[in-house]
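J.: I am attaching a structure below and will ask some questions about it afterwards.
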Amino acid sequence: MLLAGCATRPAAPVSVKLLAINDFHGNLLPPAGGIRIQDPADRSRTVSVPAGGAEHLATAVQQLKAKNPHHVFVAAGDLIGATPLLSALFRDEPTIESLSLMGLEASAVGNHEFDKGAAELLRLQRGGCAADGCQGPQPFAGARFQYLAASTVDAKTGQTLLPAYHVKRFQGIPVAFIGLTLKDTPTIVVPAGVEGLVFRDEAETVNELVPQLRRQGIEAIVLLIHEGGVPSGDYNECPGISGPIVDIVGKLDRAVDVVISGHTHRAYNCRIDGRLVTSGDRYGTVVTEIDLVLDPGTGDVISARADNQIVRTASFAKDPRQTALIDAYERLARPLAQRVVGRLGSALPRETNAAGESALGQVIADAQLAATRDAGAQLALMNPGGIRAPLAMPTDGLLRYESLFSVQPFYNNLVTMTLTGAQLLQLLEQQWLNQPTLAGRVMQVSRGFGYTWDAGRPPGQRVLPGSMKLDGQAITPETRVRVTVNSFMASGGDNFTVLRQGTDRRTGLMDIDAFEAYVKGNPGLAPGSLDRIARLN
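Here the sequence shown is numbered in the numbering used here, starting from 14 and rising by one per residue.
Written out as structure tokens, the structure reads:
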């Protein structure tokens with residue numbers, strides 16, 4: 014097989030252009046705020062550049078493809094899930110159709126591809142109506158690109174849920190694209206979504222595939238991985254890269270030539286362990302342009318270089334096919350999306366203070382407490398990762414449903430449970446244990462509850478003894494407290510595993526419905542004092 018492949022190969026090196034995105038999250042329209050980059054005139058400051066949106070991204074991809082007849086468009090996961098209303102209303106079918114129109118060929122699955130479960134992911138791949146029927150402007154045909162899930166294994170069959178890799182030939186030279194998501198996916202999605210699935214170690218999975226690919230005569234290997242890092246530099250740089258991707262790349266077989274990553278919503282262009290490692294921000298604001306040169310004799314990669322291209326809305330015209338697709342869905346979505354739900358008094362930012370509190374987080378926690386009082390709720394906690402956008406002040410002051418949904422797009426049930434004071438303390442300590450960054454995940458808390466934490470103390474011992482108080486009364490280890498969280502957290506999501514121990518559970522309405530009810534009942538909402546959580550050091 015190898016000799017036959019060599020016979021058809023060219024005499025000169027072959028140049029190939031890879032185009033990559035990650036963490037699109039259904040942003041068919043340009044996201045608010047675009048992308049923040051260092052100010053070219055003053056690198057101590059940052060500026061926002063309007064960027065992204067399917068219409069502009071499609072044009073950027075087509076223009077970059079035109080540079081080289083040998084090209085491929087790929088992605089590193091989280092194309093769907095946590096999406097704006099325009100996509101979420103239709104089970105993310107618009108996003109799948111949009112990316113298919115762009116010519117996407119293959120994508121790793123990300124953790125958000127499992128938000129609605131494996132069966133729903135397979136439906137999006139293969140096509141067909143959802144259980145409650147077809148709701149789009151045309152029958153859903155499924156993705157015209159291939160999702161890849163090399164490390165996601167069906168526990169019963171031992172087979173991967175989706176293909177492990179995709180192979181494309183350029184002038185007879187095969188290039189393999191292995192796709193997978195982070196091994197910690199079960200800890201950051203609702204458990205029901207991954208029930209019966211095993212998520213294997215990233216590097217081990219890839220390394221076991223290398224001999225299989227080489228037996229097919231494949232030497233050029235690109236990894237599409239939904240896991241990433243955090244750089245300290247700008248969108249096309251790589252100073253001080255840290256995070257899981259560094260360790261993973263260091264463990265990969267040397268046969269892996271290029272790593273296209275995601276998950277952290279950061280853009281970088283790196284060399285790690287001698288290999289090119291890239292990421293393209295989020296929401297379609299960046300497309301990574303990678304130029305490979307393939308050796309015609311060995312079929313391996315001779316060189317690889319990358320350039321993160323900002324998809325500036327001012328530079329790339331709208332693709333008419335994308336515009337037509339978006340218009341068709343917007344006509345169907347408009348009645349619900351534009352529905353007025355209340356009046357806002359001032360913008361509610363999601364930026365946090367030093368203690369970890371945000372004005373928007375407080376309002377969401379208060380809304381969830383109010384919505385579950387009939388279940389005995391005494392306090393509510395909200396994971397910061399579930400707050401996906403700030404709540405901007407509308408020009409007319411009227412808050413519409415689409416704005417609320419952009420803040421809370423997961424559509425999780427609220428769950429009220431009983432915890433002891435000791436369990437609640439342990440839960441608060443988990444904000445800095447087994448979390449992806451040193452800053453941890455500080456939960457937003459509802460009115461009447463508060464505590465003090467010390468950043469100078471080691472993780473696991475940061476909450477000051479006796480500082481937890483509810484309505485002015487100290488919470489002792491024996492105190493029983495009714496706590497409301499969303500269903501993602503209730504099942505141990507974001508490594509808040511103590512919540513699995515909660516007893517006397519009552520499932521309530523959806524989080525977005527609670528948010529809407531609170532806005533309606535509290536006209537003129539504005540930021541309050543960020544004084545529920547106190548921080549020392």
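Yeah, the Cβ is synthetic: ideal placement off N, Cα and C, and Gly gets one too.
How big is the Cα-Cα spacing for residue 525 and residue 417?
T.: Computed Cα separation, rounded: 7 angstroms.
J.: Can the beta-carbon of residue 90 be found less than 7 angstroms from the beta-carbon of residue 123?
T.: Taking 7 angstroms as the cut-off, the Cβ atoms of residue 90 and residue 123 count as close.
J.: In terms of alpha-carbon separation, which member of 157, 231 and 110 lies closest to residue 186?
T.: 231
J.: For the segment 151 to 212, which segments carrying the alpha helix (DSSP H) assignment without a break, of at least 4 residues, lie completely within its bounds, in sequence order?
T.: 198 to 201
J.: Where does the unbroken alpha helix (DSSP H) through residue 77 begin, and where does it stop?
T.: 67 to 78
J.: Taking only the alpha-carbon atoms, compute the straight-line gap between residue 327 and residue 46 and give it to the nearest angstrom.
T.: 14 angstroms
J.: If we ignore side chains and look at the alpha-carbon of each, how far apart do residue 81 and residue 31 end up?
T.: 10 angstroms
J.: Going by the beta-carbon positions, is the gap between residue 346 and residue 70 smaller than 7 angstroms?
T.: no
J.: Output the distance between the C-alpha atoms of residue 352 and residue 362, rounded to the nearest integer angstrom.
T.: 22 angstroms
J.: When the Cβ atoms of the segment 277 to 287 are set against those of the segment 224 to 244, are three or more pairs found closer than 8 angstroms?
T.: Enough Cβ pairs lie closer than 8 angstroms, so yes.
J.: Could you tell me which uninterrupted alpha helix (DSSP H) segments, each at least 4 residues in length, are contained entirely in the segment 325 to 367, listed from first to last along the chain?
T.: Runs of the alpha helix (DSSP H) inside the segment 325 to 367: 333 to 350.
J.: Might you give, ordered along the chain, the residues of its own chain that have their beta carbon closer than 8 angstroms to the beta carbon of residue 547, omitting 5 neighbours on each side?
T.: 368, 463, 464, 465, 466 and 480
J.: By DSSP's criteria, residue 30 is part of a beta bridge. Which residues make up the other side?
T.: As a beta-bridge residue in DSSP terms, residue 30 pairs with 84 and 304.
J.: Should residue 434 and residue 516 be called a contact, given that it needs their Cβ atoms to be closer than 7 angstroms?
T.: no
J.: Whose C-alpha, out of 195, 164, 179 and 196, is nearest the C-alpha of residue 188?
T.: 179
J.: Between residue 127 and residue 207, is the Cβ-Cβ spacing less than 7 angstroms?
T.: yes
J.: Could you please give the first and the last residue of the uninterrupted beta strand (DSSP E) stretch that includes residue 260?
T.: Element bounds for residue 260: not the beta strand (DSSP E) but the alpha helix (DSSP H), 257 to 264.
J.: Which residue from 470, 522, 175 and 152 puts its Cα closest to that of residue 119?
T.: When only C-alpha atoms are compared, the closest one is 175.
J.: Can you list, in chain order, the stretches of the beta strand (DSSP E) that have 3 or more residues and sit fully within the segment 444 to 520?
T.: 462 to 467 and 493 to 499
J.: How is residue 546 classed by DSSP in three states: helix, strand or coil?
T.: strand
J.: Would DSSP call residue 320 helix, strand or coil?
T.: strand
J.: Assign residue 111 to one of three DSSP states: helix, strand, or coil.
T.: helix
J.: Compare the Cα-Cα distances from residue 52 to each of 404, 247, 338 and 411 and report the closest residue.
T.: 247
J.: Is the beta carbon of residue 26 closer than 7 angstroms to that of residue 428?
T.: no
J.: The beta strand (DSSP E) spanning residue 52 covers which residue range?
T.: 48 to 52
J.: Measure how close the beta-carbons of residue 65 and residue 296 come, nearest whole angstrom, since I'm counting them as under 8 angstroms.
T.: At roughly 5 angstroms, the Cβ-Cβ gap stays under 8 angstroms, so residue 65 and residue 296 are in contact.
J.: May I ask which residues mark the beginning and end of the alpha helix (DSSP H) holding residue 220?
T.: 215 to 228
J.: How would you call residue 205, buried or exposed, if buried means at least 16 neighbouring beta carbons within 10 angstroms?
T.: exposed
J.: Within 10 Å of its beta-carbon, does residue 284 have 16 or more other beta-carbons around it, so buried, or fewer, so exposed?
T.: exposed
J.: State the Cα-Cα distance for the pair residue 299 and residue 87, rounded to the nearest angstrom.
T.: 13 angstroms
J.: If you check the beta carbons only, do residue 37 and residue 106 fall under 7 angstroms apart?
T.: no
J.: Taking the alpha helix (DSSP H) that residue 296 belongs to, which residues open and close that run?
T.: Careful: residue 296 lies outside any alpha helix (DSSP H) and carries neither H nor E.
J.: Measure the alpha-carbon distance for residue 450 versus residue 255 and round it to whole angstroms.
T.: 10 angstroms
J.: Just verifying my parser: in three-state terms, what is the DSSP assignment at residue 24?
T.: coil
J.: Is it buried or exposed, residue 396, if we count other Cβ atoms within 10 angstroms and call 16 or more buried?
T.: buried
J.: Under the rule that 16 or more other beta-carbon atoms within 10 Å means buried, what is residue 236, buried or exposed?
T.: buried
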